[in-house]
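Undergrad: Residue 172 in the UniProt record's numbering sits at position 172 of the sequence shown, and the numbers go up by one each step.
Cβ coordinates follow ideal geometry from the N, Cα and C atoms, glycine included.
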Amino acid sequence: MTGVDEDFERDVDGSYDASARIVDPGGDEDERRLEVALRPKRLADFPGQPRVRDQLGLLLEAARRRQRPPDHVLLSGPPGLGKTSLAMIIAAELEQPIRITSGPAIQHAGDLAAILSSLAEGEVLFLDEIHRMARPAEEMLYLAMEDFRVDVVVGKGPGATAIPLELPPFTVVGATTRAGLLPAPLRDRFGFTGHLDFYATADLAAILTRNATLLRIDSTAQGIDEIAGRSRGTPRIANRLLRRVRDYAQVHGKDVVDLGAARAALALFDVDESGLDRLDRAVLDALCRRFGGGPVGLSTLAVAVGEEPDTVETVAEPYLVREGYLVRTPRGRAASALAWKHLGLTAPATAVGAIPLPLTDEADSRFGD
Ligand SMILES: Nc1ncnc2c1ncn2[C@@H]1O[C@H](COP(=O)(O)OP(=O)(O)OP(=O)(O)O)[C@@H](O)[C@H]1O
Ligand SMILES: [Mg+2]
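1. Alpha carbon to alpha carbon, how far is LEU301 from GLU307? Give it in angstroms, no decimals.
2. How big is the Cα-Cα spacing for ILE224 and ARG244?
3. Which residue comes first and which comes last in the alpha helix (DSSP H) that contains ARG135?
4. Using a Cβ-Cβ cutoff of less than 6 Å, which residues in the same chain neighbour LEU259 once the five nearest sequence positions on both sides are dropped?
5. ALA92 and ARG53 - do their beta-carbons sit closer together than 8 Å?
6. Tell me whether THR84, by its Cβ, gets closer than 7 Å to a heavy atom of ligand 1.
7. Please determine, among GLN96, ARG281, PRO330 and ALA304, the residue with the shortest C-alpha to C-alpha distance to GLY344.
8. From THR350 to PRO295, what does the alpha carbon distance come to, in whole angstroms?
9. Is ALA179 near ligand 2 - that is, is its Cβ less than 7 Å away from at least one heavy atom of it?
10. Can you list, in chain order, the stretches of the alpha helix (DSSP H) that have 4 or more residues and sit fully within the region 28-85?
11. Using a Cβ-Cβ cut-off of 8 Å (strictly less than) and excluding sequence neighbours within five positions of residue 371, which residues of its own chain qualify?
12. Compute the distance between the beta-carbons of LEU266 and PRO235, then report whether it is under 8 Å.
13. With DSSP run on the structure shown, which of helix, strand or coil describes HIS131?
14. Specify the secondary structure class of GLU166 as computed by DSSP and reduced to three states.
15. What are the partner residues of PHE126, as DSSP defines its beta bridges?
16. How about LEU59 and PHE170: are their beta carbons less than 8 Å apart?
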């Protein structure tokens, strides 16, 4: 969770607010509860992310054979792709309890010391949004991760003394949507980093089919494929769209999620054929119409769409970049020819991709960040 739009969808009575952003990859309280029920429990049940799954599988198997806790694991990637799910799976596969906390909950080193000193041998400590932890706690964490030791400070002022306390070996699983914000010394203490990427449509369809069964929703393959194709490569969004399409089907007297219901419901909720929603389109629209295609700085762009820069950067941008609508240049964000086309506008000759570029390293560094 990015922490910036947690309240986006919540209504006073807990019902769904149609004006909220349906493809917001964060989630509200009710949704989180439902997510718990739908979370895959074992690595073998986790579709998609083949690389990370294989790498993690190896790490866990090796640890099991050595009967030692595995290296610390960092999971990074945009919201809703399965970081929390994987953390739970790691603990389940190791048959160890999991302690769950998050960066924003640890504002003092003492908060972390209390957690660390109560960990049992082999336990998994899940630190969500690890990039938001307070600096002194971060420093304590380095030491604990490397040497399995914390210094407990007793007393105050000049008379304070640090008493080293040995910890049993444990495994930290950190999750972050902003791996770039982690200080290098902390990043280096993770023996394994898994980067989660957006899911292929076929993987999302597999997830949706399983969840439709779990939620006892009747569906057709075409209906499921339509939802999967418009879910921005994100399981959380796919699950949410599935529920909205079911609502639509039920209200219209058909109890089946089919192509017709999917198309009509997604049109109603402003999710277009490419899965872009209002924020995505607002970003592209501002870039093209107001800034002539850019490049424009992130904060200027965020103001233009009335959002926090962090929301634009972690929620909208990764998918727009990945799909080739937006490029990050050293001078700011720019719209590609595809973005202009998506808005039904004519791209200027200078837009990225308007003239096909040879795929050389030079082209990469020109348009990379
Ligand atoms: N590979 C997957 N298979 C099935 N369901 C998945 C998968 N990945 C994620 N999900 C579902 O998507 C939802 C969100 O996943 P999860 O909470 O793990 O994401 P996250 O990366 O931790 O997001 P955030 O950054 O917001 O914390 C959950 O309901 C989970 O069941
Ligand atoms: Mg999470």
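TA: The answer reads as follows:
1. 9 Å
2. 12 Å
3. For ARG135, the enclosing alpha helix (DSSP H) stretches over residues 135-147.
4. GLN222, GLY223 and GLU226
5. In this structure, ALA92 does not lie closer than 8 Å to ARG53 by Cβ.
6. For ligand 1, at least one heavy atom lies less than 7 Å from the Cβ of THR84.
7. The candidate whose alpha carbon is nearest that of GLY344 is ARG281.
8. 11 Å
9. no
10. 29-38 and 50-66
11. This structure leaves residue 371 out entirely; the chain is present only between 1 and 369.
12. If you check the CB distance, LEU266 and PRO235 do not come in under 8 Å.
13. helix
14. strand
15. ILE100 and VAL173
16. Taking 8 Å as the Cβ cut-off, LEU59 and PHE170 do not qualify as a contacting pair.
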